[in-house]
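Q: Sharing a structure here in structure tokens format.
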Amino acid sequence: MGEPLVVEGTAVASPYDHTTIQQSAPDPSGRGEKQETKCRDPIFALLLYGNVGAIAGVAAAYGTAAFSEAVDDGNSGYNYQGYINVAFVTGAIAIVLSGGSLPIMMCIPTALIKVSLFTMLILSGAMMVMSFIYGNIWGGIFGAIFFAIFLCYARAVWSRIPFASINLLTACTAVKHNAGVILVAYFFIALAFGWSLLWAVALTGVWEKVIVESENPFEENKVGWGYLFLLFLSYFFTHQVIQNSTHVTVAGTVGTWWFSPEDGSSCCSSGVRGSLIRTLTTSFGSICFGSLLVALIQALKALAQSARDGDNQLLICFAECILNCLESILEYFNRWAFVYVGLYGYSYLEAGKQVFTLFKDRGWEAIIADDLISNVFFFISLVIGGLCGAFGMIFVDSNPEWFVNSPAGANDQATCFMLGFIVGLVLTSILMSTIASAVNTVIVCFAEGPAEFEANHPELSRKMRETWISFYPDCGV
């Protein structure tokens with residue numbers, strides 16, 4: 000372990016050392032320790048491999064012919080080239096604009112947090128007013144309640160904006176110095192898209208097993224709920240693994256930048272490469288473990304939504320409410336557990352235990368609930384999505400030859416606005432999710448290693464300590 004560092008008279012040993020291997024026993028102080036290099040939770044990684052292999056086998060054996068037939072049947076002779084061009088062009092614009100948002104967030108983080116908070120407040124108020132205008136009394140009443148709650152929330156968290164802004168600045172700085180994690184995020188998104196296509200081909204192949212059409216037009220089709228559940232579980236399991244792999248890679252990279260900046264201060268630094276390798280090898284089983292838990296709930300929720308009919312609306316609504324709550328709790332747990340997986344290589348359960356022990360012992364529960372920075376990400380994604388939608392409309396006017404015989408016809412402008420908006424929103428959200436993962440990691444690292452932060456990044460450390468002590472004088476670091 001590295002030499003002790005002294006900050007404000009307190010000696011703190013470095014918890015993060017790439018050159019030595021720590022014992023797996025937890026530190027009595029509650030601080031995390033780098034774990035011995037070995038595969039964690041390997042059985043869940045094998046389940047993921049089996050899942051992907053099974054879907055690939057089904058797609059190859061049954062899906063390709065059925066998928067080609069479905070595509071041919073759906074080909075109506077319309078020209079979709081204009082929409083494809085708009086998607087590619089607005090996608091390129093979204094990447095440029097979202098990349099430009101990074102220095103903006105670094106320059107004016109406080110202003111962005113305040114503007115995003117006001118924007119959310121205005122949107123909630125607008126929804127309330129629109130509900131009353133269109134005669135939706137109950138919608139207006141619930142809108143008024145949520146508007147009042149959000150108003151109280153904004154007032155309560157206003158004093159915490161300076162600390163949230165320095166968190167955002169620190170996270171953006173870490174991502175800027177290790178921009179390769181953004182490329183990793185886009186790679187995983189491309190992988191998720193490919194998985195969605197593969198799963199769609201497999202679904203087409205087993206469709207007759209899932210939905211058995213009745214010969215009697217007065218009878219409902221029979222549904223193979225077992226097949227449907229397995230298909231949903233397969234899809235969500237792999238999708239969660241891909242999503243969480245990005246999170247763990249970012250956490251490991253930010254940890255390297257925090258504790259060993261010499262290994263994490265370039266685009267494709269050894270910190271980025273090492274974190275990605277650990278994500279795909281030793282920590283992959285832990286990622287699959289946590290992802291499977293969320294996927295089970297998501298599959299049950301999708302199954303409940305598929306089972307809706309006129310006789311069971313209330314029961315299904317109740318079940319969906321419970322499943323939504325469970326899903327939120329598990330995703331909340333995973334968000335912090337995977338930070339520890341990425342930082343130190345813990346198993347999934349041990350990582351969760353470490354995170355909640357840390358925040359409980361240090362009184363950090365309140366800061367976890369501070370979701371101020373997520374409002375900024377939503378606000379930026381919304382703005383860039385709107386700009387991309389506007390560019391989509393411009394392309395309709397400037398390139399009418401793209402839209403000859405298009406399916407929307409006179410509605411091409413509205414269609415291209417929505418297409419551009421969605422493309423811009425999705426691509427911007429990828430970068431924002433990367434920075435969100437960095438923010439989560441910064442919060443944990445500030446609790447774990449303030450001494451290392453002071454030694455390696457003194458200017459950022461000074462700002463963070465000042466804002467923290469100013470608004471939380473009774474809770475030290």
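In numbering that gives the first Met the number 0, the protein residues as written are 0 to 476.
For each residue, glycine too, the CB sits at the ideal point set by N, CA and C.
#1: Excluding the five sequence neighbours on either side, which residues of its own chain have a C-beta within less than 8 Å of the C-beta of residue 319, listed in chain order?
#2: Output the distance between the C-alpha atoms of residue 403 and residue 346, rounded to the nearest integer angstrom.
#3: Could you work out which residue in 253, 59, 195 is closest to residue 231 when comparing CA atoms only?
#4: So, at 6 Å on beta carbons, what are the nonlocal neighbours of residue 49 in its own chain, with the 5 sequence-adjacent residues on each side left out?
#5: For residue 419, I'd like the list of residues in its chain whose CB is within less than 7 Å of its CB, leaving aside the five on either flank, ordered along the chain.
#6: Look at the Cβ atom of residue 244, then the Cβ atom of residue 286, and state whether they are nearer than 8 Å.
#7: I'd like the list of long-range same chain contacts for residue 115, defined as Cβ closer than 6 Å, with 5 residues on each side in sequence excluded.
#8: Measuring CA to CA, which of 51, 468, 454, 41 is closest to residue 257?
#9: Below 8 Å on the Cβ atoms is my contact criterion, and I expect residue 247 with residue 278 to pass it. Report the Cβ-Cβ distance as a whole number of Å.
#10: With distances taken from CA atoms, which of 62, 203, 298, 242 is nearest residue 225?
#11: Going by the beta-carbon positions, is the gap between residue 120 and residue 150 smaller than 8 Å?
#12: Just mark residue 467 as buried or exposed, buried being the case when its beta carbon has 16 or more other beta carbons within 10 Å.
#13: From residue 296 to residue 56, what distance separates their C-alpha atoms?
#14: Output the distance between the C-alpha atoms of residue 460 and residue 444, rounded to the nearest integer angstrom.
#15: Check this for me: beta carbons of residue 331 and residue 204, under 8 Å apart or not?
#16: Counting only the same chain and skipping the five closest in sequence on each side, list residues whose C-beta sits under 8 Å from that of residue 273.
#17: Is the region 431-443 touching the region 156-170, taking contact as three or more C-beta pairs under 8 Å?
#18: What is the DSSP secondary structure of residue 415, counted as helix, strand or coil?
#19: According to the neighbour-count rule (16 or more other Cβ atoms, all chains shown, within 10 Å of its Cβ), is residue 161 buried or exposed?
#20: Just checking my contact of residue 191 with residue 241 at CB under 8 Å: how many whole Å lie between their CB atoms?
#21: Keeping to the same chain, check which residues put their C-beta closer than 7 Å to that of residue 197; ignore five residues upstream and five downstream.
#22: Just to check my reading of the structure: residue 112 and residue 371 have Cβ atoms closer than 8 Å, yes? What is that Cβ distance to the nearest angstrom?
#23: Would DSSP call residue 107 helix, strand or coil?
#24: Please state whether DSSP places residue 334 in a helix, a strand or coil.
#25: Would the beta-carbon of residue 31 fall within 8 Å of that of residue 451?
#26: Cutting at 8 Å between CB atoms, please list the residues of its own chain near residue 41, excluding the five before and the five after it.
#27: Alpha carbon to alpha carbon, how far is residue 429 from residue 95? Give it in angstroms, no decimals.
#28: Assuming the contact rule is C-beta atoms closer than 8 Å, residue 179 and residue 271 should be a hit. Round their C-beta distance to whole Å, please.
#29: State buried or exposed for residue 79, treating a residue as buried only when at least 16 other CB atoms are found within 10 Å of its CB.
#30: Exposed or buried, residue 97, counting other C-beta atoms within 10 Å across all chains shown (16 or more means buried)?
#31: Whole alpha helix (DSSP H) runs in the region 379-440 with 4 or more residues, listed along the chain?
#32: Would you kindly work out how many angstroms separate the C-alpha atoms of residue 327 and residue 290, rounded to a whole number?
#33: Measure the CB-CB distance between residue 159 and residue 416 and report whether it falls below 8 Å.
#34: Cβ atoms of residue 109 and residue 164: under 8 Å apart, would you say?
A: The short version:
#1: 300, 303, 304
#2: 56 Å
#3: 195
#4: none
#5: 85, 89, 387, 388, 390, 391
#6: yes
#7: 374, 375, 378
#8: 454
#9: 5 Å
#10: 298
#11: yes
#12: buried
#13: 25 Å
#14: Cα to Cα, residue 460 sits roughly 11 Å from residue 444.
#15: no
#16: 17, 251, 255, 262
#17: Taking 8 Å as the limit for Cβ pairs, the verdict is that the region 156-170 does touch the region 431-443.
#18: It is helical.
#19: With 16 or more other Cβ atoms within 10 Å, it is buried.
#20: About 5 Å separates the two Cβ atoms, so the contact holds.
#21: 54, 55, 58
#22: 5 Å
#23: coil
#24: Note: residue 334 maps to helix in three-state DSSP.
#25: If you check the CB distance, residue 31 and residue 451 do not come in under 8 Å.
#26: For residue 41, where only same-chain residues beyond five positions count, the Cβ hits under 8 Å are 284.
#27: 13 Å
#28: 4 Å
#29: exposed
#30: buried
#31: none
#32: 13 Å
#33: no
#34: yes
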